[in-house]
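In what follows, a structure is listed as structure tokens, so that the remarks can point back to it.
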Amino acid sequence: FMTGMPGGAINFAALGAMHVLMARVLPVSTNPVLRDIVAQAVATTFCSVVSSPQSLLVDRISIGMYPDFPTAVRTILSTEGPRGLYVGFKPGLLQRMPSYCLTYATYRALRRGYAHLRGVDVDELSDPENFTLGALGAGIVTAFMMPLDTVKTRIVTFKPGEGEIAYKGMTDCFRRMAREEGLGSFYRALPLRLASVVPMMGIQFGLFEFFNKAIRTHLPARERGRGSKPFFPPVESAQRTQTQRGTPERRRGRFRLGSKKA
Numbered sequence: 009f010m011t012g013m014p015g016g017a018i019n020f021a022a023l024g025a026m027h028v029l030m031a032r033v034l035p036v037s038t039n040p041v042l043r044d045i046v047a048q049a050v051a052t053t054f055c056s057v058v059s060s061p062q063s064l065l066v067d068r069i070s071i072g073m074y075p076d077f078p079t080a081v082r083t084i085l086s087t088e089g090p091r092g093l094y095v096g097f098k099p100g101l102l103q104r105m106p107s108y109c110l111t112y113a114t115y116r117a118l119r120r121g122y123a124h125l126r127g128v129d130v131d132e133l134s135d136p137e138n139f140t141l142g143a144l145g146a147g148i149v150t151a152f153m154m155p156l157d158t159v160k161t162r163i164v165t166f167k168p169g170e171g172e173i174a175y176k177g178m179t180d181c182f183r184r185m186a187r188e189e190g191l192g193s194f195y196r197a198l199p200l201r202l203a204s205v206v207p208m209m210g211i212q213f214g215l216f217e218f219f220n221k222a223i224r225t226h227l228p229a230r231e232r233g234r235g236s237k238p239f240f241p242p243v244e245s246a247q248r249t250q251t252q253r254g255t256p257e258r259r260r261g262r263f264r265l266g267s268k269k270a
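If you're matching positions, the sequence shown starts at 9 in our numbering and goes up one per residue.
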């Protein structure tokens, strides 16, 4: 819990900031799926700066390399320096990036599509609906990414016995598993993976939308007397505002026109 919370908070904070920034600088016609992927890619990079050292420490403590957290930090900093905390940062980031980006983009696309079918705004969806859509999006991406995850796990854990040949790479592993074990071998662990990932992501997206809506609803009302504004407006509202006001070029054009009339 303590290791996951800072990374998750940074992830969603960066998501909000990126969506607001893109709503201000990108054309209105920009594909919303592309916006979501770019926002999540940046957010994943930021949160990995915090989560990667934590994952490294947890992994090394779990295998008995260090007895506790303070000892692990002191030993790594004294022997390897700060860069020692980021061993494997790039491979870990490349491993997380596709799954995180696809999951978030799929959830957002499902949310927009479902709201369109209902004829309501996405901010009007209920908490159970957000939970269900988040779980569904995570399930779709998990099933899509399962063959790749299975191959990566097989390569890391496979220890060739007598007469067995080690895998030469991901392509060789794909081919041999499909030929020797059948296509079903890529999905043997799918039920267990779905059981762990789907509820977790449903709860994560559901709670995010719940607290996001609660903050936008109650915080401005309480602070209105002091003239404060919410730091991160809702993503869809930011995009609608851009549509209503037009691009920066159009706004500058109206300003010049008004100045001439004056």
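Quick reminder that beta carbons are idealized off the backbone N, C-alpha and C, glycines included.
Remember, predicted model here, so these are calculated numbers, not experimental data.
With respect to the alpha helix (DSSP H) encompassing residue i, which residues constitute its N-terminal and C-terminal limits?
i, result
"phenylalanine 139", "135 to 165"
"lysine 98", "97 to 126"
"serine 193", "Premise fails: serine 193 is in no alpha helix (DSSP H) and is neither H nor E."
"aspartate 44", "40 to 70"
"arginine 82", "77 to 87"
For residue i, which of the options has the nearest alpha-carbon?
i, options, result
"methionine 105", "Gln48, Thr158, Ile71, Thr161", "Gln48"
"glycine 214", "Val28, Tyr108, Leu133, Pro78", "Leu133"
"serine 204", "Thr111, Thr87, Gly147, Pro61", "Gly147"
"arginine 82", "Leu23, Leu65, Ala174", "Leu65"
"leucine 110", "Ser70, Ile84, Asp135, Met153", "Met153"
"asparagine 39", "Arg120, Ile211, Tyr94, Arg91", "Arg120"
"methionine 26", "Met209, Val46, Ser37, Arg162", "Val46"
"phenylalanine 139", "Pro14, Val206, Gly169", "Val206"
"leucine 156", "Asp131, Ser193, Gly169", "Ser193"
"valine 159", "Ser63, Glu189, Ile69, Thr225", "Glu189"
Distance, Cα to Cα, residue i vs residue j?
i, j, result
"asparagine 19", "alanine 51", "5 angstroms"
"proline 78", "valine 58", "17 angstroms"
"alanine 123", "aspartate 129", "6 angstroms"
"glycine 96", "aspartate 135", "37 angstroms"
"alanine 21", "valine 41", "19 angstroms"
"methionine 73", "glycine 92", "14 angstroms"
"valine 28", "leucine 34", "10 angstroms"
"glutamate 137", "glycine 16", "22 angstroms"
"leucine 23", "glutamate 172", "46 angstroms"
"tyrosine 30", "proline 168", "Sequence inspection shows methionine at residue 30; the tyrosine mentioned does not correspond to that position. Between methionine 30 and proline 168, the C-alpha separation is close to 50 angstroms."
"arginine 201", "threonine 165", "17 angstroms"
"asparagine 220", "threonine 87", "43 angstroms"
Since residue i and residue j are thought to touch, with beta carbons under 8 angstroms apart, how far apart are those beta carbons, to the nearest angstrom?
i, j, result
"leucine 101", "threonine 53", "7 angstroms"
"tyrosine 108", "glycine 142", "Rounded, the Cβ-Cβ distance is 13 angstroms, inconsistent with contact."
"alanine 4", "aspartate 44", "In the structure as shown, the chain begins at 9 and stops at 270. Residue 4 is therefore absent and cannot be evaluated."
Mind checking whether the beta-carbon of residue i lies closer than 7 angstroms to any heavy atom of the ligand FAD?
i, result
"lysine 221", "As presented, the structure is devoid of all ligands, the ligand FAD included, so that no description of it is given."
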